[in-house]
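Trainee: Would you mind keeping the following structure in view while I ask a few things?
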Ligand code: PEP
Ligand code: MG
């Protein structure tokens, strides 16, 4: 048995086999061949196998995410049948007398570059697909299996996990995460909390653990590999205890979230995608306080269309049945990078072209999202909020774009509901001018993750700074109070949707400040509700 001390990013116990997740680093070498016809046959067989894989993926996706999500695999199949593509691969093999892997990689790169240089955005987006299909054929040629799939529920051990990888995992087979890198405030950590799975970081991982039995103690941060029978027994008992505790908390179900003094608090859930909805519902969320819509973009291989977005937003609005659903417009950039946005590499991405800055510089992308969101608002109680705001001018610009989009819908006779507009307060600038901003919007939602990062000048992604990242810092807490006061003076409400909203050491302090809403990972709803219901102190 081995026991390793790591850092917990989400509590709980996980018991199960280890699946060692590696991003396969393939190196395509250029090698000379003797028999071009045989090499072309190898290529053709690999293409057939790749098409078969795509057919299976299509069927799977059809069941899990529906027709629009599955279509991409059909498109990829067609691309593999394209004459130009096939002719290019075969010609490279024949004229240069080189291996198929090299010919496919070269063709993939050339075609991708060609598409990327086109004016039309649709064709630009095909560059990613070109690369993707070429990678698939190369994997078949090199005998590399499909990553990201394992058979039984497992503990995933990895060097690091990007949010875009995490969202693609089959959640029913995820018992927990253990990574070497990563920080407590990264989006992967937030995802672990949303998915309600124990997770540890800063563990010196080893590939030879693959397949071994393991235990994550998300309370102490310990990771057991090949645990002794008595340890296993102890943790099985602890896991049952934990589940019993959850059942007890579930007694909070259906109870109003009201303090003893009678102030009703909106206790909402944070979600990243439609698949988090069952967790929000089963934990009795009063609404959705933060739908991180950028995950729709992260899960996709190209810009999600208006219809794809509309379907996702409509589904959340309908499922929440009249309860408020606050959709945050895309917050791409910083640690949430998407290839097809083709953003320049930046020295300081957290302070770079991200979130609303992308939307204001590329209004077509923004307008598509707003149209989808407005259309979905006809089916429920949708509100919208904008991330990373720093000025009144930005808010006015956004509102003008929103008016344009509404006008387009009016002209086309398309119905939409009454959508409240709010902003995230997650920069010190926004907090300090919150008196001015409050006059422009319907509500504030405080993003304490970024507010802490920018106030303390501490990169939330840098694990080495975890000990300095102190969201309880008086500077952060005073800003929160100031924002709430300014909201109330202007007659609007203010909530917290950053991770601090679920910090139960602070719940009473937030109530005393007069915070109107707390939006937390679904799993924290009951414990926070319990504290709110027992609170008999003052509220502003
Ligand atoms: C925040 O910054 O607190 C927030 C809720 O947004 P995100 O964590 O997605 O950046
Ligand atoms: Mg943020």
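In my numbering, the protein residues as written are 20 to 559.
Even for Gly, the Cβ is constructed at its ideal location relative to N, Cα and C.
Here the structure is a predicted model, which means the values were calculated and not measured.
Measure how close the beta-carbons of residue 305 and residue 285 come, nearest whole angstrom, since I'm counting them as under 8 Å.
Mentor: Along the chain shown, one-based indexing puts residue 305 at 286. Along the chain shown, one-based indexing puts residue 285 at 266. Sure, about 6 Å apart at Cβ, within 8 Å.
Trainee: Answer yes or no: the CB of residue 467 versus the heavy atoms of the ligand PEP, is any distance below 7 Å?
Mentor: What you label residue 467 is simply residue 448 of the chain shown in a count that begins at 1. Result yes, Cβ under 7 Å from the ligand PEP.
Trainee: Check whether the stretch 68-81 and the stretch 96-107 are in contact - that is, three or more C-beta pairs closer than 8 Å.
Mentor: Touching, per the Cβ criterion.
Trainee: Sorted by chain position, which residues of the same chain lie with C-beta nearer than 8 Å to residue 457's C-beta, five sequence neighbours on each side aside?
Mentor: As a first step, residue 457 is located in the chain shown; it is residue number 438 there, counting from the start. Hits under 8 Å: 463, 505, 506, 508, 509, 511.
Trainee: Tell me whether residue 445 counts as near the ligand PEP, meaning its Cβ is closer than 7 Å to at least one heavy atom of that ligand.
Mentor: Locating residue 445 in the chain shown gives position 426, where the first residue counts as 1. It does: the Cβ of residue 445 is within 7 Å (strictly closer) of some heavy atom of the ligand PEP.
Trainee: Cβ-heavy atom distance between residue 490 and the ligand SAM below 7 Å?
Mentor: The ligand content of the structure shown is limited to the ligand PEP and the ligand MG, which means the ligand SAM is not among them.
Trainee: I need the boundaries of the alpha helix (DSSP H) containing residue 474, first residue and last residue.
Mentor: Against the chain shown, residue 474 aligns to sequence position 455. Where residue 474 is concerned, the enclosing alpha helix (DSSP H) stretches over 467-475.
Trainee: Say whether the stretch 533-546 touches the stretch 264-276, bearing in mind that this needs 3 or more beta-carbon pairs closer than 8 Å, one atom from each stretch.
Mentor: At 8 Å Cβ cutoff, the stretches touch.
Trainee: Would you check if there are 3 or more beta carbon pairs closer than 8 Å linking the stretch 488-499 to the stretch 459-479?
Mentor: Contact holds: three or more Cβ-Cβ distances are below 8 Å.
Trainee: Comparing the CB of residue 350 with every heavy atom of the ligand MG, is any distance shorter than 7 Å?
Mentor: In the chain shown, the residue the question calls residue 350 occupies position 331. True, at least one ligand heavy atom lies under 7 Å from that Cβ.
Trainee: Determine the DSSP secondary structure at residue 439, reduced to helix, strand or coil.
Mentor: Locating residue 439 in the chain shown gives position 420, counting from the first residue. Note: residue 439 maps to strand in three-state DSSP.
Trainee: Please classify residue 361 as buried or exposed, where buried requires at least 16 other C-beta atoms within 10 Å of its C-beta.
Mentor: Translated into the one-based positions of the chain shown, residue 361 becomes position 342. Counting Cβ neighbours within 10 Å, residue 361 comes out exposed, since fewer than 16 surround it.
Trainee: Hey, quick one: how far does the beta strand (DSSP E) through residue 236 stretch, first residue to last?
Mentor: As a working mapping, residue 236 is identified with position 217 in the chain shown. From DSSP, the beta strand (DSSP E) with residue 236 extends over 232-236.
Trainee: Quick check: what's the CA-CA separation for residue 374 versus residue 520?
Mentor: Indexing the chain shown from 1 puts residue 374 at position 355. Indexing the chain shown from 1 puts residue 520 at position 501. Spanning the two alpha carbons is a distance of roughly 21 Å.
Trainee: Under a CB-based cut-off of 8 Å, is residue 192 close to chain B?
Mentor: Absent from the structure is chain B; it holds one protein chain and no more.
Trainee: Which residue wins for smallest C-alpha separation from residue 402, given the options 23, 440, 409?
Mentor: Here the question's residue 402 lines up with position 383 in the chain shown. The shortest Cα separation from residue 402 among 23, 440, 409 belongs to 440.
Trainee: Is residue 541 near the ligand MG, with its Cβ less than 7 Å from a heavy atom?
Mentor: In the chain shown, residue 541 corresponds to position 522, counting from 1. Not under cutoff, so the answer is no.
Trainee: Does the beta carbon of residue 248 fall short of 7 Å from some heavy atom of the ligand MG?
Mentor: To locate residue 248, count along the chain shown from 1; it is residue 229. No - the ligand MG has no heavy atom lying nearer than 7 Å to the Cβ of residue 248.
Trainee: Considering only residues of the same chain and omitting the five flanking positions on each side of residue 238, which have a CB-CB separation below 6 Å?
Mentor: By one-based count along the chain shown, residue 238 stands at place 219. Only 30 meet the Cβ criterion.
Trainee: Select from 217, 539, 208, 112 the residue whose C-alpha is nearest the C-alpha of residue 194.
Mentor: As a working mapping, residue 194 is identified with position 175 in the chain shown. Here the closest residue by C-alpha is 217.
Trainee: If you check the beta carbons only, do residue 39 and residue 229 fall under 8 Å apart?
Mentor: Here residue 39 corresponds to residue number 20 of the chain shown, with the count starting at 1. Here residue 229 corresponds to residue number 210 of the chain shown, with the count starting at 1. Yes, the pair counts as a contact, with Cβ atoms nearer than the cut-off.
Trainee: Helix, strand or coil for residue 221, going by three-state DSSP, please let me know.
Mentor: As a first step, residue 221 is located in the chain shown; it is residue number 202 there, counting from the start. Reduced to three states, the DSSP call for residue 221 is coil.
Trainee: Any idea what DSSP makes of residue 317, helix, strand or coil?
Mentor: Sequence index remark: in the chain shown, residue 317 carries index 298 (1-based). Of the three classes helix, strand and coil, the one that applies to residue 317 here is helix, per DSSP.
Trainee: What is the DSSP secondary structure of residue 38, reduced to helix, strand or coil?
Mentor: In the chain shown, counting from the first residue as 1, residue 38 sits at position 19. DSSP places residue 38 in strand when its eight states are reduced to three.
Trainee: Can you tell me whether residue 148 is buried or exposed, with buried defined as 16 or more other CB within 10 angstroms of its CB?
Mentor: Along the chain shown, read from residue 1 onward, the residue named residue 148 stands at position 129. That one is buried.
Trainee: Between residue 378 and the ligand PEP, is there a pair consisting of the residue's CB and a ligand heavy atom that are separated by less than 7 Å?
Mentor: The residue you call residue 378 lines up with position 359 of the chain shown. No, the ligand PEP has no heavy atom inside 7 Å of this Cβ.
Trainee: DSSP three-state call for residue 240: helix, strand or coil?
Mentor: As a first step, residue 240 is located in the chain shown; it is residue number 221 there, counting from the start. It is coil, neither helix nor strand.
Trainee: Please list the terminal residues of the continuous beta strand (DSSP E) segment that includes residue 105.
Mentor: Counting from 1 along the chain shown, the entry for residue 105 is found at position 86. Counting along the chain, residue 105 falls outside any beta strand (DSSP E), though it belongs to the alpha helix (DSSP H) covering 102-115.
Trainee: In or out: residue 323 buried (at least 16 other Cβ within 10 Å) or exposed?
Mentor: By 1-based counting over the chain shown, the position of residue 323 is 304. Label assigned to residue 323: buried.
Trainee: Grouping DSSP H, G and I as helix and E and B as strand, with all else coil, what is residue 458?
Mentor: Here residue 458 is taken as the residue at index 439 of the chain shown, counted from 1. In the structure shown, residue 458 sits in coil (DSSP, three-state: anything other than H, G, I, E or B).
Trainee: Could you tell me if the beta carbon of residue 406 falls within a distance shorter than 7 Å of some heavy atom in the ligand MG?
Mentor: Here residue 406 corresponds to residue number 387 of the chain shown, with the count starting at 1. Yes, the ligand MG has a heavy atom inside 7 Å of this Cβ.
Trainee: Are the beta-carbon atoms belonging to residue 224 and residue 197 less than 8 Å from one another?
Mentor: Locating residue 224 in the chain shown gives position 205, counting from the first residue. Locating residue 197 in the chain shown gives position 178, counting from the first residue. Taking 8 Å as the Cβ cut-off, residue 224 and residue 197 qualify as a contacting pair.
Trainee: Can you determine whether any heavy atom of the ligand PEP sits closer than 7 Å to the C-beta of residue 315, and answer yes or no?
Mentor: On the chain shown, position 296 is the one that residue 315 refers to. Not under cutoff, so the answer is no.
Trainee: For residue 285, does the three-state DSSP call read helix, strand or coil?
Mentor: The sequence position of residue 285 within the chain shown is 266, counting from 1. Strand, per DSSP.
Trainee: In whole angstroms, give me the CA-to-CA distance for residue 277 and residue 318.
Mentor: Locating residue 277 in the chain shown gives position 258, counting from the first residue. Locating residue 318 in the chain shown gives position 299, counting from the first residue. Answer to the nearest angstrom: the Cα atoms are 37 Å apart.
Trainee: Which term fits residue 275, buried or exposed, when burial requires 16 or more other beta carbons within 10 angstroms of its beta carbon?
Mentor: On the chain shown, residue 275 is found 256 positions in, with the first residue counted as 1. Exposed: under 16 other Cβ atoms inside 10 Å.
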